[in-house]
Amino acid sequence: MRISATVAAVSGALVLSAFAVPAAQAAGSDAGSYRSDVAKIRAAAHAASGKNALAGSTVATPADDQPYALDVTFSNLKVHGGKPIVVGAAAHVSVPVTYTLTHGADVDVTASDFWTDLYLYKGSSTEPTNMIFDDDLATCTVTSATVASCKGSLDIYPDLGDLSSTDAGAWKAGAEAIAWNGQDPTSDSIDITKVGYADKSGFASPNVQRLSKLTVNAAPEPVKKGKTITVTGKLTRANWDTNKYAGYSTQPVKLQFRKKNSSTYTTVKTIKTNSTGNLKTTVKATADGYFRYSFAGTSTTPAVNAAGDYVDVK
Numbered sequence: 372m373r374i375s376a377t378v379a380a381v382s383g384a385l386v387l388s389a390f391a392v393p394a395a396q397a398a399g400s401d402a403g404s405y406r407s408d409v410a411k412i413r414a415a416a417h418a419a420s421g422k423n424a425l426a427g428s429t430v431a432t433p434a435d436d437q438p439y440a441l442d443v444t445f446s447n448l449k450v451h452g453g454k455p456i457v458v459g460a461a462a463h464v465s466v467p468v469t470y471t472l473t474h475g476a477d478v479d480v481t482a483s484d485f486w487t488d489l490y491l492y493k494g495s496s497t498e499p500t501n502m503i504f505d506d507d508l509a510t511c512t513v514t515s516a517t518v519a520s521c522k523g524s525l526d527i528y529p530d531l532g533d534l535s536s537t538d539a540g541a542w543k544a545g546a547e548a549i550a551w552n553g554q555d556p557t558s559d560s561i562d563i564t565k566v567g568y569a570d571k572s573g574f575a576s577p578n579v580q581r582l583s584k585l586t587v588n589a590a591p592e593p594v595k596k597g598k599t600i601t602v603t604g605k606l607t608r609a610n611w612d613t614n615k616y617a618g619y620s621t622q623p624v625k626l627q628f629r630k631k632n633s634s635t636y637t638t639v640k641t642i643k644t645n646s647t648g649n650l651k652t653t654v655k656a657t658a659d660g661y662f663r664y665s666f667a668g669t670s671t672t673p674a675v676n677a678a679g680d681y682v683d684v685k
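Spelled out as structure tokens, the structure:
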């Protein structure tokens, strides 16, 4: 789905209207209609319950202007197999998610108008600063009379403003379900009390990270034994505000060396990148082999190794 990268912290139904929902084609709805269909059920459910945007797992007692509490719970939600979600400057990233959906006997999860999807959110569940949804509904496979195994994907488009660089780091995940029960999601006269809704936030999610790149160049080459080798390079990472790569400043980076016939790199020294992400240091030429820079990574940026640069020592 497409959302603004930075959203002011608001609560209740206002939060729900600030973040659209998946841009999928579903149940005959076009993308814009689908977003509106889910958003209006979410907003009504949370506003009527007196809870903020993502708080709680179900909704309150039915009223004239809210859906009823759908007998659905979620568990075992796993995002990207627990691996960090690494996003480049512009390319679309699809993040696989699986979860278990448990439901009452009166809930038909195989119905064409039963919808379930998932989301990521940045910040607190009551005042998220950003949210990411899937482009399509999750698909569920029935495993027993009251349990289904579901899978979907979360779709991130940095070039369309889904992320700001400040969004890197910790996120949380959630899932939701809607049973329309024959109600037309696109109708202006929908009886919302006949629509069931369930939501659960607070699931663990791996960090969302800015893709990193690292270069190295060792010169001169060839070089006489005992002479000085200058090793330069640059550490950059995705900037989601400009959709380009920018230098990562003041980061510790290891200079490593691997002898010609060896498969193991050893650390020669550790230096820090300058204000623009550049690296530069010198070493003495001792033997033929490969130099590389190695960055261990941070919570917002993944580890990366430069490809080794070979130096012929005469």
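In this note's numbering, the protein residues as written are 372 to 685.
Glycine included, each C-beta is placed from N, C-alpha and C at the ideal position.
This one's a predicted model, so the numbers in the text were calculated from it and none came from an experiment.
Neighbourhood of residue i by C-beta, 6 Å cutoff - its chain only, sequence neighbours within 5 removed
i	result
Val513	Ala519
Ser536	Asn610, Trp611, Asp612
Thr657	none
Lys651	Thr603
Thr653	Thr599, Thr601
Ala540	Per the sequence presented here, residue 540 reads as Gly, with Ala not at that position. Result list for Gly540: Asn578, Ser670, Thr671, in chain order.
Lys643	Thr621, Pro623
Simplified DSSP state of residue i, which is helix, strand or coil
i	result
His417	helix
Thr564	helix
Leu534	coil
Pro673	coil
Pro438	coil
Gly540	strand
Gly618	strand
Ala402	Any reading at Ala402 must be qualified, since the residue scores a pLDDT of 44, below 50, and its modelled position is unreliable; no value is offered.
Gly427	The predicted model places Gly427 with a pLDDT of 41, which falls under 50 and marks its position as unreliable; any figure quoted below should be read in that light. Note: Gly427 maps to coil in three-state DSSP.
Gly453	helix
Val624	strand
Gly604	strand
Ala516	coil
Beta-carbon gap between residue i and residue j smaller than 7 Å
i	j	result
Ala550	Phe485	yes
Ala461	Pro529	yes
Lys631	Gly597	no
Ser670	Gly648	no
Gln580	Thr672	yes
Pro577	Pro499	no
Trp542	Lys595	no
Ile412	Val566	yes
Asp526	Glu547	no
Residue i - partner residues in DSSP beta bridges
i	result
Pro499	Gly494
Val443	His474
Trp611	None, per the DSSP bridge assignment.
Ala410	Ala410 pairs with nothing; no bridge assigned.
Trp486	Ile549
Pro529	Partner(s): none; Pro529 has no beta bridge.
Lys522	Thr469, Thr510
Thr481	Bridge partners of Thr481: none, in fact.
Asp683	Asp683 is not bridged to any residue.
Spatial neighbours of residue i in its chain, beta-carbon cut-off 7 Å, leaving aside the 5 residues before and after
i	result
Tyr677	One point to set straight first is that residue 677 is Ala, not Tyr, in the sequence displayed. Correct list, in chain order: Leu585, Thr586, Val587, Gly604, Arg663, Tyr664.
Phe666	Ser583, Leu585, Leu606, Gln622, Val624, Ala674, Val675
Ser646	Ser620
Val478	Leu441, Asp442, Val443, Ala550
Glu592	Val682, Asp683
Ala589	Ile600, Val602, Phe662, Asp680, Val682
Gln554	Ile561, Asp562, Lys565, Val566
Ser400	Any reading at Ser400 must be qualified, since the residue scores a pLDDT of 41, below 50, and its modelled position is unreliable; the value itself is stated next. These residues qualify, in order along the chain: Asp408, Pro556, Thr557.
Same chain only: Cβ atoms within 8 Å of residue i, ignoring 5 sequence neighbours per side
i	result
Asn447	Thr469, Tyr470, Thr471
Lys655	Gly597, Lys598, Thr599, Ile600
Ser524	Ser465, Val466, Pro467, Val468, Asp505, Asp506, Asp507
Thr510	Cys521, Lys522, Gly523
Thr517	Thr473, His474, Gly475, Ala476
Asn614	Ala460, Ala461, Pro529, Asp530
Val458	Val464, Ile527, Pro529, Leu534, Val579, Gln580, Arg581, Leu582, Ala609, Trp611
Within-7 Å CB hit, residue i to chain D
i	result
Ala415	Protein chain content of the structure displayed is limited to a single chain, and chain D is not contained in it.
Next item on the list: Could I get the ranges of all uninterrupted beta strand (DSSP E) runs contained in the segment 628-669, with 3 residues as the minimum, in chain order?
Entry: Fully contained in the segment 628-669 are the following beta strand (DSSP E) runs of length 3 or more, in chain order: 637-643, 649-655, 660-666.
Next item on the list: Return the chain-ordered ranges of every beta strand (DSSP E) run that is complete within the segment 544-595 and spans a minimum of 3 residues.
Entry: Along the length of the segment 544-595, whole beta strand (DSSP E) runs at least 3 residues long occupy 567-575, 579-581, 583-590, reported in chain order.
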